[in-house]
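>
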Amino acid sequence: MPQVFVKDVKNHLGQEIELKGWVRNIRSSGKLLFIQFRDGTGDIQAVAFKPDMDEEIFEQAKRLTLESSLIIKAVPKLHEKLADTFELSVKDIKVVQYAEEYPIGKKEHGPDFLLSNRHLWIRSSKQWANLRIRHTVYYAICDFLNQNCFVRFDSPILTPNACEGTTTLFELDYFDEGKAYLSQSGQLYLETGIMSLGRVYDFGPVFRAERSKTRKHLTEFWMMDAEAAYVEHDENMQIQEDLIRFVIRAVLEKCQTELAILERDIETLKAADAPFKRMTHYDAVEYLQSKGSEITHGSDLGAQDEVLLTEGSPVPIFVERWPKAIKAFYMKRDPDNPEVVLGSDLIAPEGFGEIIGGSQREDDHDLLLQRMQAEKMPIEQYQWFLDLRKYGSVPHSGFGIGLERLTQWMSGTHHIREVIPFPRMIYRIYP
RNA sequence: UCCGGAAUAGCUCAGCGGUAGAGCGGGUGGCUGUUAACCACUAGGUCGGGGGUUCGAAUCCCUCUUCCGGAGCCA
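If you're matching positions, the first sequence starts at 30 in this note's numbering and goes up one per residue.
1) Count the other C-beta atoms from every protein chain shown that fall within 10 angstroms of the C-beta of threonine 165, then say buried if there are 16 or more, exposed otherwise.
2) Go through its chain and collect everything with a Cβ distance to leucine 93's Cβ below 6 Å, but skip five positions before and after it.
3) Relative to the alpha-carbon of leucine 117, which residue among Val448, Ser97, Gln65 has its alpha-carbon at the smallest distance?
4) Taking the continuous alpha helix (DSSP H) assigned at isoleucine 122, which residues delimit it?
5) From what residue to what residue does the beta strand (DSSP E) around glutamate 315 run?
6) Buried or exposed, going by whether 16 or more other CB atoms sit within 10 Å of the CB of threonine 442?
7) For tyrosine 167, tell me which candidate among Ala128, Gly50, Gln437, Glu220 has the shortest Cα-Cα distance.
8) Measuring alpha carbon to alpha carbon, tell me which of Pro105, Ile295, Leu272 ends up nearest glutamate 282.
9) Whether or not the stretch 118-129 and the stretch 74-91 are in contact is what I'm after, with contact meaning three or more pairs of Cβ atoms, one per stretch, closer than 8 Å; do they touch?
10) Threshold first: 4 residues or longer. Then list the alpha helix (DSSP H) segments lying entirely within the stretch 243-327, N to C.
11) Per the DSSP calculation, threonine 339 is bridged to which residue(s)?
12) Mapping the DSSP letters down to three states, classify glutamate 109 as helix, strand or coil.
13) Does DSSP classify serine 225 as helix, strand or coil?
14) Within 10 Å of its beta-carbon, does phenylalanine 232 have 16 or more other beta-carbons around it, so buried, or fewer, so exposed?
15) Measure the alpha-carbon distance for threonine 188 versus tryptophan 413 and round it to whole angstroms.
16) Hey, out of Asp329, Glu340, His310, whose CA is closest to lysine 320's CA?
17) Looking only at its chain, what residues have a beta carbon closer than 6 Å to the beta carbon of aspartate 254, apart from the 5 residues adjacent to it on each side?
18) CA-CA distance, serine 342 and valine 104?
19) Please state whether the Cβ-Cβ distance between glutamate 47 and valine 33 is less than 8 Å.
20) Tell me which residues share the same chain as alanine 209 and place their Cβ nearer than 8 Å to its Cβ, disregarding the 5 neighbours each side in the sequence.
21) Could you tell me which residues DSSP puts in a beta bridge with tyrosine 230?
22) Per the contact definition of three or more C-beta pairs closer than 8 Å, is the stretch 261-270 in contact with the stretch 363-377?
23) Going by C-alpha to C-alpha distance, which of Leu111, His310, Ser98, His148 sits closest to glutamine 126?
24) Scan the stretch 31-113 and note each continuous alpha helix (DSSP H) run of 4 residues or more that stays entirely inside, going in chain order.
25) What is the C-beta distance between leucine 330 and valine 348, in whole angstroms, given that I count them as a contact (C-beta under 8 Å)?
26) Going straight from the alpha carbon of threonine 195 to that of leucine 291, what length do you get?
27) Since asparagine 265 and glycine 387 should fall inside the 8 Å C-beta cutoff, what is the C-beta to C-beta distance between them, to a whole number of angstroms?
28) Straight-line CA distance for aspartate 390 to methionine 252?
29) If lysine 91 and serine 57 are in contact, beta carbons under 8 Å, what's the gap, nearest whole angstrom?
30) In whole angstroms, what is the alpha-carbon distance linking alanine 258 and lysine 102?
31) If you reduce the DSSP assignment to three classes, tell me which class threonine 195 lands in.
32) Alpha carbon to alpha carbon, how far is isoleucine 385 from aspartate 363? Give it in angstroms, no decimals.
33) Taking all protein chains shown into account, do 16 or more other C-beta atoms lie within 10 angstroms of the C-beta of isoleucine 449, making it buried, or fewer, making it exposed?
34) Determine the burial state of valine 423: buried for a count of at least 16 other Cβ atoms within 10 Å of its Cβ, exposed for fewer.
35) Helix, strand or coil: how does DSSP classify aspartate 334 here?
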């Protein structure tokens, strides 16, 4: 008998089918046994009724514990008490393993305990939902880019130098070549790719040895960097907006069960699928000051500023044209105002903060060299990067999306540690 | 790194100077419609480590360790 997945049960009403999975919960009522069964594709209630089955099988089923693995033969039917819900009428059960006493109980647990049991916690329904939404977000990003002429071009993870000098790097020994570092962004390598392929993206883990300790930071997270030749600042933002709205629609369409489990406010998410706002950094600071923020024109937005800025806005907000001093060396100066760069941060609503950083890149060799010298960067190590400005340089732009930040917003999850299978944080590397 | 908070049963917590408690989970029994099911009984603890104050410390003080929340930095 072929295996049927829980998600397909509705196509087999009245037929005997076989399902393979685990016990999420079990309730017994004498001759009736209610097994909350899960198989990875979804959950369904399986009902075992003693008079309808072999007595020995029923006794075996009675001894099932939380998370025991089992194969059941059953007939799907409409739930006797709930509308639009299916349940299974159990005919036979084969216990694959009686699970030992399961550490994660039905009541509340603290974060330390749950994180120490992350390898088991991922089975819980909210974690299951988060990981499925992450999957949907990941492939929606790839789908959008693939449909828009971007070619996957993976940047190396082991690198000889820093991408953006300021941030802390994880360092390791690289044979006889001295130190190597775990990449914190593939962006500079992507810029080489556009000269061959036009539009490229990478998607993989990046590493930041920052001692950040907030609900929005991980030391290892997944980032998608995209880069496009002949795209300038305004079009760069338009691509980002189209991409994010594509992702929102994909999640709303494909993750209805998951969003319901997480009690995500769907209407708020739907409302974000509308034209995004754009604001210069100057105007954003003026606005924030009028709202009581202490922010100054030369500085970055704090966490509270991001919340304040998007308060009352159903859509994300681009903050663009930043003071040159607080942005990276490779960003192109605004021809209309050399004090600011053509960079943009996209701030998600509902307090989820920055989800994208992007910019038009400096494409003039001498200007780029000057800036690298000003930042005292080791020029000889970046010769390959400067070369791009010598052999057919073109205007180009790109941006980077933090997968977990975006997933966190889509799923409405408070802490970023719940939207990656095994979060790496400053004080935690187990399991 | 800085500023707060916490550590008591497997888990979540109450107890805050006078010999250790609850709920859940575990075990045993009961129940034909349960939805973190319910009911009865039951086992389970050097109160994070070390030091101090006291007739007496889970409770007060010092110290160490671990964790949580927030800030900065960023995606």
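Note that the Cβ used here is the ideal one computed from N, Cα and C, for glycine as well.
Here's the rundown:
1) Counting from one through the first sequence, the residue named residue 165 turns up at place 136. Its Cβ being crowded by 16 or more others within 10 Å, threonine 165 is buried.
2) Stepping through the first sequence from its first residue, residue 93 is reached at position 64. Hits under 6 Å: Val52, Ile55.
3) Start at 1 with the first residue of the first sequence, and residue 117 comes out as number 88. It is Gln65 whose Cα lies nearest to the Cα of leucine 117.
4) Residue mapping note: residue 122 aligns to position 93 of the first sequence, counting from 1. Residue range 115-126 is occupied by the beta strand (DSSP E) that includes isoleucine 122, with no alpha helix (DSSP H) assigned at that position.
5) Position 286 of the first sequence, counting from 1, holds the residue named residue 315. Taken as a continuous stretch (DSSP letters only), glutamate 315 belongs to no beta strand (DSSP E), being part of the alpha helix (DSSP H) at 310-319.
6) As a position in the first sequence, residue 442 is number 413, starting the count at 1. It counts as buried.
7) For the purposes of this step, residue 167 is taken as residue 138 along the first sequence, with counting starting at 1. Looking at the Cα atoms, Gln437 is the closest of the given residues.
8) For this step, residue 282 is matched to residue 253 along the first sequence. When each option's Cα is compared against that of glutamate 282, the closest is Ile295.
9) Contact between the stretch 74-91 and the stretch 118-129 is present, because at least three Cβ pairs lie under 8 Å.
10) If only complete runs of 4 or more residues are kept, the stretch 243-327 shows the alpha helix (DSSP H) at 262-283, 285-290, 295-300, 310-319, in order along the chain.
11) On the first sequence, position 310 is the one that residue 339 refers to. Threonine 339 pairs with nothing; no bridge assigned.
12) Taking the first sequence and counting its residues from 1, the one referred to as residue 109 is at position 80. Of the three classes helix, strand and coil, the one that applies to glutamate 109 here is coil, per DSSP.
13) Residue numbering aside, residue 225 sits at position 196 when the first sequence is read from its first letter. Serine 225: helix per DSSP, three-state reduction.
14) Translated into the one-based positions of the first sequence, residue 232 becomes position 203. Buried is the call here.
15) Walking along the first sequence from the start, residue 188 turns up at place 159. Walking along the first sequence from the start, residue 413 turns up at place 384. Our two residues, threonine 188 and tryptophan 413, have alpha carbons roughly 13 Å apart in a direct line.
16) One-based indexing of the first sequence puts residue 320 at position 291. When each option's Cα is compared against that of lysine 320, the closest is Glu340.
17) Position 225 of the first sequence holds residue 254. So the list reads Gly215, Gln216, Leu219, Asp231, Gly429, once near-sequence residues are dropped.
18) Numbered from 1 along the first sequence, position 313 holds the residue referred to as residue 342. Numbered from 1 along the first sequence, position 75 holds the residue referred to as residue 104. Distance between the alpha carbons of serine 342 and valine 104: 49 Å.
19) Locating residue 47 in the first sequence gives position 18, where the first residue counts as 1. Locating residue 33 in the first sequence gives position 4, where the first residue counts as 1. Contact flag set, yes.
20) Here residue 209 refers to the residue found at position 180 of the first sequence. If we look at alanine 209 and ignore the five residues flanking it on each side, its Cβ neighbours are Leu187, Thr188, Pro189, Glu200, Leu201, Asp202, Tyr203.
21) On the first sequence, position 201 is the one that residue 230 refers to. Answer is Arg181, Ala255.
22) Using a Cβ-Cβ distance cut-off of 8 Å, the stretch 363-377 and the stretch 261-270 are in contact, since at least three pairs of beta carbons, one from each stretch, lie closer than that value.
23) In the first sequence, residue 126 corresponds to position 97, counting from 1. Minimum Cα distance to glutamine 126 is reached at Ser98.
24) Listed in chain order, the alpha helix (DSSP H) runs fully inside the stretch 31-113 are 84-91, counting runs of at least 4 residues.
25) Counting from 1 along the first sequence, the entry for residue 330 is found at position 301. Counting from 1 along the first sequence, the entry for residue 348 is found at position 319. Right, their Cβ atoms sit about 7 Å apart.
26) Locating residue 195 in the first sequence gives position 166, where the first residue counts as 1. Locating residue 291 in the first sequence gives position 262, where the first residue counts as 1. Residue placement at threonine 195 cannot be trusted, given a pLDDT of 45 that sits under 50; the coordinates are not used to answer.
27) As a first step, residue 265 is located in the first sequence; it is residue number 236 there, counting from the start. As a first step, residue 387 is located in the first sequence; it is residue number 358 there, counting from the start. Sure, about 6 Å apart at Cβ, within 8 Å.
28) In the first sequence, counting from the first residue as 1, residue 390 sits at position 361. In the first sequence, counting from the first residue as 1, residue 252 sits at position 223. The question names aspartate, but residue 390 is arginine in the sequence shown. Distance between the alpha carbons of arginine 390 and methionine 252 is about 19 Å.
29) As a first step, residue 91 must be located in the first sequence, where it is residue number 62. As a first step, residue 57 must be located in the first sequence, where it is residue number 28. Rounded, the Cβ-Cβ distance is 6 Å, consistent with contact.
30) The sequence position of residue 258 within the first sequence is 229, counting from 1. The sequence position of residue 102 within the first sequence is 73, counting from 1. Spanning the two alpha carbons is a distance of roughly 57 Å.
31) If you number the first sequence from 1, residue 195 lands on position 166. At threonine 195, the pLDDT of 45 sits below 50, so the modelled position is not reliable; the number obtained from the coordinates is stated separately. Correct three-state label for threonine 195: coil.
32) Here residue 363 refers to the residue found at position 334 when the first sequence is read from its first residue. Here residue 385 refers to the residue found at position 356 when the first sequence is read from its first residue. Approximately 20 Å between the Cα atoms of the pair.
33) Counting from one through the first sequence, the residue named residue 449 turns up at place 420. It is buried - the Cβ of isoleucine 449 has at least 16 other Cβ atoms within 10 Å.
34) For this step, residue 423 is matched to residue 394 along the first sequence. Exposed is the call here.
35) Taking the first residue of the first sequence as 1, we reach residue 334 at position 305. In the displayed model, aspartate 334 falls within a helix according to three-state DSSP.
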